[in-house]
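Add 1 to a position in the sequence shown, counting from 1, and you land on the number used in this note's numbering. Yeah, the Cβ is synthetic: ideal placement off N, Cα and C, and Gly gets one too. Just below is one structure, and these are the notes that go with it.
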Amino acid sequence: MPLSVSASTKLLFIGDSITDVGRRNDPDKLGGGYVRNIFDYLAAKDPASRPQVINMGIGGNKITDLRNRWQRDVLDFQPDILSIKIGINDVWHGLTPNGQGVSIEEYVGVYHAILRQVHNVLPNCRIVLCEPSVIWPPSPEEGNARLQPYVRAVNEVGREFGAAAIVPLHGAFVRAKEKRPDIVWAPDGVHPSSAGHMLIARTWLAATGLL
């Protein structure tokens, strides 16, 4: 069932730097990425029903970091809709000699734990899970292959917990690059360009039925 929003809807986004995008230095606290794009689209689509949008992305976060701040940055806000995008750093940080990633087993376990808390504390909250997008060169060559289990895990966890939407970001980026390899979708192989952020926003809006 598609999501619906009104002026009283509290829509909270949480994740890593791809969600953050300088939101703490932004007067609106939205940042300059896909969260801003979604906010602006919903305002332009129907100003009267534009929801309250909260961005709680923090650069460098992995799913274990979300767990550690879940009460303060999610549950205490009591959102009506919760959008989670996490997983890139869980893989990417493990691709460098001194880095520390999160194993797929721990990733799935923590995802289960934080979603159980949402169900227990906020039973009416609609959950949107976003696939991790991509890890392409110039990031390590094997990154995207290592990311695949995490993409599958998001889909499995989403189905298990009855997510309102699962946003197919990984496939969206792959298809976009196949069709237009001349467009820079993620300059460093991970962080989206402005076109990449618009791709995330459009894919999110389509998956949730808000486009």
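Within the same chain, 68 come within 7 Å of residue 114 by CB-CB distance, once the 5 residues on both sides are set aside. In the three-state scheme derived from DSSP, where H, G and I count as helix and E and B as strand, residue 84 is classed as strand.
A distance of 8 Å or more separates the beta carbons of residue 59 and residue 112. DSSP, reduced to helix, strand and coil, places residue 78 within a helical segment of the structure shown. About 14 Å separates the beta carbons of residue 54 and residue 75, which is beyond the 8 Å limit, so they are not a contact pair. In this structure, residue 136 lies near residue 92, with their beta-carbon atoms less than 8 Å apart. For residue 57, no alpha helix (DSSP H) segment is defined; the enclosing uninterrupted segment is the beta strand (DSSP E) at 53–58. By the Cβ rule, the stretch 192–206 does not count as touching the stretch 152–161, because fewer than three pairs are nearer than 8 Å.
Around residue 193, the same chain offers 187 as residues with beta carbons nearer than 6 Å, after the five sequence neighbours per side are excluded. Per DSSP, the continuous alpha helix (DSSP H) segment holding residue 117 begins and ends at 105–122. Take residue 95, set aside five residues on each side of it, and the residues of its chain with a beta-carbon closer than 7 Å to its own are 101, 102, in chain order. Under the DSSP definition of a beta bridge, residue 73 lacks any partner.
Residue environment: residue 117 is assigned as exposed (fewer than 16 neighbouring CB atoms within 10 Å of its CB, all protein chains considered). Between residue 130 and residue 159, the gap from beta carbon to beta carbon is short of 8 Å. Ranked by Cα distance from residue 134, the first of 167, 163, 26 is 167.
Judged by beta-carbon spacing, residue 8 lies within the 8 Å limit of residue 52, meaning their Cβ atoms are closer than that value. Looking only at 72, 87, 5, the smallest Cα-Cα distance to residue 16 is reached by 87. For residue 158, the uninterrupted alpha helix (DSSP H) segment begins and ends at 144–161. Closest in alpha carbon position to residue 119, among 89, 73, 143, is 73. Contact between residue 190 and residue 150 is ruled out by a C-beta separation of about 19 Å, above the 8 Å threshold. With respect to residue 82, residue 206 sits apart: the two C-beta atoms are not nearer than 8 Å. Taking a contact as a CB-CB distance under 8 Å, the pair residue 56 and residue 31 counts as one, their CB atoms being some 5 Å apart.
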